[in-house]
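Residue numbers (the numbering used here): 278 to 411. Below is one structure; the comments refer to it alone.
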């Protein structure tokens, strides 16, 4: 039986892609509901979840942390994220909607770039694997 950790980073990037797509969807919904009274913006946070699950041990390399996370199926499942309602962001609008029309489109553009870069990273990982196998 062959044991390999070749897909460890790809598995993490796959979870990051899922979270990024979910955040894009939430931001798009926020923009669509910008004029809906009492609407509270939705958001998704992946980076803090990943940082928490990888741990902060300075005596382990990133490779070791990622391998440990992938090896522990219970912890890897914790990388799944879901949208949350951002009710902390107070609204100064009369209709109590807390979507900021200036920042929401910028957040969406930023998330779209993140998704493109993650997709390119996954593609590059598979390209490197193909090169090695030739």
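Backbone N, C-alpha and C define an ideal beta-carbon position, used for all residues, glycine too.
Pairwise C-alpha distance: residue 382 and residue 376: Sequence index remark: in the chain shown, residue 376 carries index 99 (1-based). Sequence index remark: in the chain shown, residue 382 carries index 105 (1-based). C-alpha separation (whole angstroms): 10 Å.
- request: Return the bridge partner residues of residue 361 from the DSSP annotation.
  value: By one-based count along the chain shown, residue 361 stands at place 84. DSSP, once it has assigned bridges, lists 320 as partnering residue 361.
message: Suppose you measure from the CA of residue 351 to the CA of residue 358; what does that come to, to the nearest Å?
response: Against the chain shown, residue 351 aligns to sequence position 74. Against the chain shown, residue 358 aligns to sequence position 81. Caution is warranted here: a pLDDT of 48 is assigned to residue 351, below 50, making its placement in the model unreliable, and no coordinate value can be reported.
- prompt: Helix, strand or coil for residue 396 per DSSP?
  reply: Position 119 of the chain shown holds residue 396. The answer is helix: DSSP assigns residue 396 an H, G or I state.
- prompt: What are the boundary residues of the alpha helix (DSSP H) that includes residue 305?
  reply: Translated into the one-based positions of the chain shown, residue 305 becomes position 28. Run containing residue 305: 285–309, per the alpha helix (DSSP H) assignment.
Sequence-distant residues of its chain with Cβ nearer than 7 Å to residue 303 (five each side left out): Locating residue 303 in the chain shown gives position 26, where the first residue counts as 1. Contacts found: 319, 320, 321, 360.
task: Could you have a look at residue 401 and say whether DSSP puts it in helix, strand or coil?
output: As a first step, residue 401 must be located in the chain shown, where it is residue number 124. Residue state, collapsed to three classes: helix.
- request: Pull up the distance between the alpha-carbon of residue 309 and that of residue 389, whole angstroms please.
  value: In the chain shown, residue 309 corresponds to position 32, counting from 1. In the chain shown, residue 389 corresponds to position 112, counting from 1. Spanning the two alpha carbons is a distance of roughly 17 Å.
- prompt: Whose C-beta lies closer than 6 Å to the C-beta of residue 294 among residues of the same chain, with five residues either side of it excluded?
  reply: For the purposes of this step, residue 294 is taken as residue 17 along the chain shown, with counting starting at 1. Around residue 294: 395.
field: residue 326, DSSP secondary structure in three states
entry: Within the chain shown, residue 326 is the residue found at index 49, counting from 1. Helix, per DSSP.
- request: Select from 408, 317, 409, 327 the residue whose C-alpha is nearest the C-alpha of residue 286.
  value: Translated into the one-based positions of the chain shown, residue 286 becomes position 9. Cα-wise, what sits closest to residue 286 is 327.
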